[in-house]
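Visitor: Got a structure for you, questions after.
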Amino acid sequence: MKYLFFYILSIITLQSCDYFTIKNDTRQPVARVNTTYLYKEDLKNIFTNNITSQDSTLLANNYINNWIKQQLLLAKAQINLENKTEKFEDLVKKYREDLFINSYKEAVVKQYLDTEITSTDIDQFYLNNNQNFKLNEELVKLKYIKIGKDVLNKKDLIKLFKSAKKEDLDSLNSKELFLKSHHLNDSIWVKYSDLIVKIPIFKTTGKKELLKKDNFIQKEDSLSIYLVAIKQVLNRNEIAPKSYITPTIK
2 MKYLFFYILS IITLQSCDYF TIKNDTRQPV ARVNTTYLYK EDLKNIFTNN
52 ITSQDSTLLA NNYINNWIKQ QLLLAKAQIN LENKTEKFED LVKKYREDLF
102 INSYKEAVVK QYLDTEITST DIDQFYLNNN QNFKLNEELV KLKYIKIGKD
152 VLNKKDLIKL FKSAKKEDLD SLNSKELFLK SHHLNDSIWV KYSDLIVKIP
202 IFKTTGKKEL LKKDNFIQKE DSLSIYLVAI KQVLNRNEIA PKSYITPTIK
């Protein structure tokens with residue numbers, strides 16, 4: 002792609018025709034501040050595809066002018082802060098080293114993440130390290146629904162909820178439009194703290210009373226009825242189940 006460049010260099014006073022002459026360097030300079038040069042090839046990445054000649058000229062001029070201002074400011078800063086130059090150079094060196102180290106770490110992590118982790122790997126890791134996965138709070142398997150008191154079929158909904166039959170649970174799932182909120186997958190582990198956030202009314206229920214295996218609790222307020230069926234409970238300091246800890250292992 003060809004671009005028409007008209008570089009406006011009026012900010013810099015050219016004192017001679019060989020002002021931009023640089024020994025042993027075949028690159029084409031377009032601007033200079035003291036002994037620092039900006040070359041034409043430095044501009045090639047600032048243009049986008051399908052840019053017009055007029056826009057490319059404006060973009061080039063703006064880039065050059067900003068570069069000149071930056072170099073002049075840098076030169077002034079180096080003069081006024083000469084006594085801090087050594088400290089700054091140390092900081093730059095450390096930053097450069099940290100940049101390399103962090104980039105290397107990211108590459109190693111990415112390479113590790115790109116490696117496929119099989120279910121056998123997870124099983125083996127869990128078996129060897131399960132003592133490191135003790136729970137710091139209770140986990141529960143449960144199902145839960147919240148229904149409005151004014152729902153016409155609430156008795157049918159409650160009956161379906163209490164049933165242990167799969168077809169009744171499927172039927173309840175199909176009636177989710179009648180439910181204000183629900184959680185019907187009692188095969189996954191849920192944190193007790195998440196349960197209380199999701200259903201604040203159970204804050205008034207003692208933890209020991211709520212966290213009982215095969216426990217059923219029904220509560221209500223002025224507008225709604227809340228039903229919770231606890232299927233299974235794991236207490237603090239018990240080993241976390243593999244299904245719960247698998248995302249962490251991955």
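Just so we're aligned, residue 2 is where the sequence shown starts under the working numbering, counting upward by one. Glycine residues also receive a C-beta, built at the ideal position from the N, C-alpha and C atoms.
Going straight from the alpha carbon of Asp56 to that of Thr27, what length do you get?
Guide: Computed Cα separation, rounded: 27 angstroms.
Visitor: Rounded to a whole number of angstroms, what is the C-alpha to C-alpha distance between Asp143 and Asn50?
Guide: For the sequence presented, residue 143 should be read as Leu rather than Asp. Approximately 57 angstroms between the Cα atoms of the pair.
Visitor: What are the complete alpha helix (DSSP H) segments, minimum 4 residues, inside the stretch 158-236?
Guide: The stretch 158-236 contains these whole alpha helix (DSSP H) runs: 167-175, 193-199, 208-211.
Visitor: Between Ile246 and the rest of its own chain, which residues show a CB-CB distance below 6 angstroms, the 5 nearest in sequence each way excluded?
Guide: These residues qualify, in order along the chain: Phe134.
Visitor: Does the count of Cβ pairs from the stretch 217-224 and the stretch 193-206 closer than 8 angstroms reach three?
Guide: Yes, the stretch 217-224 is in contact with the stretch 193-206.
Visitor: Nearest to Gly149 by CA position, among Thr119, Leu180, Val229, is which residue?
Guide: Nearest of Thr119, Leu180, Val229 to Gly149, Cα basis: Leu180.
Visitor: Evaluate the contact criterion for the stretch 56-68 versus the stretch 88-106: three or more CB pairs, one atom per stretch, below 8 angstroms.
Guide: Segments in contact, no.
Visitor: Measuring CB atoms only, is the stretch 168-180 touching the stretch 118-126, in the sense that at least three cross pairs come out at less than 8 angstroms?
Guide: Taking 8 angstroms as the limit for Cβ pairs, the verdict is that the stretch 118-126 does not touch the stretch 168-180.
Visitor: Determine the direct distance from the alpha carbon of Ser120 to that of Arg237, and round the result to whole angstroms.
Guide: Taking the straight line joining both Cα atoms gives about 26 angstroms.
Visitor: What residue does the beta strand (DSSP E) around Pro30 start on, and which one ends it?
Guide: Where Pro30 is concerned, the enclosing beta strand (DSSP E) stretches over 30-34.
Visitor: How is Tyr156 classed by DSSP in three states: helix, strand or coil?
Guide: The residue asked about is misnamed: residue 156 is Lys in this sequence, not Tyr. It is helical.
Visitor: What number of angstroms, rounded off, separates the C-alpha of Trp190 from the C-alpha of Glu107?
Guide: So the alpha carbons of these two residues sit roughly 32 angstroms apart.
Visitor: Assuming Val234 and Glu139 are in contact, meaning their beta carbons sit under 8 angstroms apart, how far apart are those beta carbons, in whole angstroms?
Guide: Yes, they are in contact, since the Cβ atoms of Val234 and Glu139 sit about 7 angstroms apart, within 8 angstroms.
Visitor: Can Lys147 and Ser225 be called in contact, C-beta distance under 7 angstroms?
Guide: Going by C-beta atoms, Lys147 is nearer than 7 angstroms to Ser225.
Visitor: Let me know if Ala241 comes out buried or exposed under the rule of 16 or more other beta-carbons within 10 Å of its beta-carbon.
Guide: Buried, since its Cβ has 16 or more Cβ neighbours within 10 Å.
Visitor: Measuring only the C-alpha atoms, how far is Lys45 from Leu39?
Guide: Between Lys45 and Leu39, the C-alpha separation is close to 12 angstroms.
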